[in-house]
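Everything on this sheet refers to the single structure shown next.
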Amino acid sequence: MTTFIQTLIVGLRLGSMYALVALGYTMVYGIIRLLNFAHGDFIMVGGYAIIFSVPAVKAMGLPIWVAVFPAIIVCALVGMGTELVAYRPVRKNGTAMSALITAIAMSLFLENLAQAIPAIGPNPKVATQIFPSSGIKIGKVTLDSSTILTIIIGLAVMLGLYFFIQKTKIGRAMRCVSEDKEAATLMGINVNRTILITFGIGSGLAAVASLMYISAYPKVFTTLGVMLGLKAFVAAVLGGIGIIPGAMLGGIVIGLVESFTMSYISSSLSDAFVFLILIVVLLIKPAGLLGKNVGEKV
Amino acid sequence: MLEVKNLNVFYGAIHAIKGISFTVNDGELISLIGANGAGKTTTLHTISGLIKAKSGEILLDGKNIQKVPPHTLIDLGIAHVPEGRHVFARMSVEENLKMGAYTMSNQKKIQENLDKVYKLFPRLKERKKQLAGTMSGGEQQMLATARALMTDPKIVLMDEPSMGLSPLLVKEIFDIIRTLHENGSTILLVEQNAKMALGVADRAYVLETGKISMEGTAKDLLNDERVKKAYLGA
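So the sequence lines, in the order shown, correspond to chains A and B.
The letter at position 15 of the first sequence is residue 15 when you use our numbering, and the numbering goes up by one with no holes.
Add 1000 to the 1-based position in the second sequence for our numbering, that's all there is to it.
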């Protein structure tokens, strides 16, 4: 029983992290039907931004995790920059395929750029401990503070995002643009600006995921986002790509699958199981868990 | 109010609109009729800035509006009810109507206008919580029309409001258009259904492969032999 509960909690922790990254994929896909392969690399950017911000945060006497705020800003700027420099020009003149290839190119560019920057370089950097190492014990289950905080932050961010999209003016504009760009323009919505804001928010979420990642595995390297991004992408597809609650659900499911496979089957098979689940779900529900099975709207 | 002068529009190499000119005066209901592919929708899209003209002028109250970004046209008083309704299917009726007032910040005024369109379209009030995508074509047309009225526009562009509707619903929609006109709205109506369009209009223009082939009062056009033969099936 103790193992079960411990595994469940670890799964929720991983799931929160995957969910935040999956949200970034799904928001961008929802609004411009682009699989932003560079999104995983935004986590890497966020990781380095946190590492480089820690000394300043320490000097100011603030808790270490405050370093996530400059990282959110850096990631949002990188995400919006990517949209402005790479995706928008291609969207205007190119096909869906050229946009996809641009996204892959952006991903490789960010990874290699990071290596080329002397302060980063090819060797991994070790991060300081993000959250205090204290923990609590409930019965036989031990919970350390980083696990509890990761789950709480994850839930809070998801809830906040949900209300933002449902209730605010920008959120409504985002939903309109994702449904119908022409009608959105006729309503007076600046479509390009709304897309830019979506990139900013999605990429900012990646920085929060970076914080969660570093608190669990305190090592940052230039290809950190590749596997994490891929699994989060699986989570987004599993939940139904383009659907925000789907990304949240998909992230949690992937986290739980990974955690339970590691505990009960084999730790080396956990990644394989993640992809196996994806294949099984897509065979039964091709549009994902929360997706509606409708043809692409024309 | 609205003046289009010598407008030329291209789709790639295709010359879709070939130097058309027309005017819509304050309080008038003008119909633009013509067959499929004559360039009616293209004309409206060009006025709304969704397509850029190659040459010519579009003036609103004497001011050229071709250089302003398309999403700001609603603030200048141009509302567009697009062909095929384009309601936001995953939003409720009321959310759709509020999106019509997206650029307005005065909450009291938005509520006033909401009450106003609900009075005009009681059926929308009954269904305000329903998702727009689950409504019938006629109801969606009403919603798209009501949504365009949320900003008190100077002029409403309506694109094929009868498309895909049963004759009974077409009559209902045209009754609404007539009411809007009687209430003082300025309307530019694009329609394939020439009989209905000429029935409600003050004046009309006949568009034929990108050119205006005839113009006049709706009454004269209704009695014109060529119009009768080509568009009224007589």
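We treat Cβ as the ideally placed atom computed from N, Cα and C, and that holds for glycine.
Comparing C-alpha positions only, which one of A:Pro118, A:Phe42, A:Gly30 sits nearest to A:Thr82?
A:Phe42
Quick check on A:Val126: buried or exposed, where buried means 16 or more other Cβ atoms within 10 Å of its Cβ?
exposed
When DSSP labels each residue in this structure, what does A:Val220 get in the three-state scheme?
strand
Quick one: any contact between the segment 27-35 of chain A and the segment 188-199 of chain A, if contact means 3 or more CB pairs under 8 Å?
yes
According to DSSP, is A:Val298 helix, strand or coil?
Low confidence applies to A:Val298: its pLDDT is 36, below 50, so where it sits in the model is not reliable enough to give any reading.
Under 8 Å, Cβ to Cβ, is there at least one residue of chain A near B:Ile1155?
no
To be precise: take each residue of the segment 168-180 of chain A, compare its Cβ to all Cβ atoms of chain B, and keep it if any distance is under 8 Å. Which residues remain?
Lys169, Arg172, Ala173, Arg175, Cys176, Glu179, Asp180
From the beta carbon of B:Gly1037, is the nearest beta carbon of chain A less than 8 Å away?
no
Consult DSSP for B:Tyr1102 and reduce its assignment to one of helix, strand or coil.
coil
DSSP puts A:Arg33 in a beta bridge; with which residues?
Its beta-bridge partners do not exist; DSSP assigns none.
Quick check: what's the CA-CA separation for B:Leu1073 versus B:Ile1051?
13 Å
A:Asn93, enclosing alpha helix (DSSP H) - first and last residue
88-93
For B:Tyr1011, count the other beta carbons within 10 Å of its own beta carbon; 16 or more makes it buried, fewer makes it exposed. Which is it?
exposed
For A:Tyr217, which of A:Ile9, A:Gly47, A:Leu35, A:Ala19 has the nearest alpha-carbon?
A:Gly47
Pick out whichever of A:Phe109, A:Met44, A:Val66 has its Cα sitting closest to the Cα of A:Val85.
A:Phe109
Given this structure, state the Cα-to-Cα distance separating B:Gly1034 from A:Leu159, to the nearest angstrom.
52 Å
For B:Thr1151, does the count of other Cβ atoms within 10 angstroms reach 16, so buried, or fall short, so exposed?
buried
Within the 8 Å Cβ cut-off, does B:Glu1218 reach chain A?
The identity of residue 1218 of chain B in the sequence shown is Ala, whereas the question assumes Glu. Not one chain A Cβ lies under 8 Å of B:Ala1218.
Quick one, which residues of the segment 1008-1020 of chain B are near chain A if we go by CB-CB under 7 Å, in chain order?
none
Using a C-beta cutoff of 8 Å, does B:Ser1048 count as contacting chain A?
yes
Residues of chain D with CB under 8 Å from B:Met1158, in chain order?
No chain D is part of this structure, whose protein chains are labelled A and B.
Residues bridged to A:Gly135 by DSSP?
A:Asp144
May I ask you to list the residues that DSSP assigns as paired with A:Ser107?
DSSP lists no partner for A:Ser107.
So, at 8 Å on beta carbons, what are the nonlocal neighbours of A:Gly250 in its own chain, with the 5 sequence-adjacent residues on each side left out?
Tyr18, Ala19, Ala22, Val234, Ala235, Ala236, Val237, Leu238, Gly239, Gly240, Gly288, Leu289
What is the residue span of the beta strand (DSSP E) that B:Arg1203 lies within?
1203-1208
Looking at chain B, is there any beta carbon in it that lies within less than 8 Å of the beta carbon of A:Ile189?
yes
Can you tell which of A:Phe131, A:Ser259, A:Ala272 has its C-alpha closest to the C-alpha of A:Ser215?
A:Phe131
Can you check whether the CB of A:Phe199 is closer than 8 Å to the CB of A:Met97?
no
Helix, strand or coil for B:Thr1151, going by three-state DSSP, please let me know.
coil
Below 7 Å between beta carbons is the criterion; list the residues of the segment 22-35 of chain A that meet it against any residue of chain B, in chain order.
none
Can you grab the Cα-Cα spacing for the pair B:Ser1092 / A:Gln166, in whole Å?
12 Å
Taking the alpha-carbon of A:Gly11 as reference, which of A:Lys292, A:Ser270, A:Pro245, A:Gly255 has the nearest alpha-carbon?
A:Gly255
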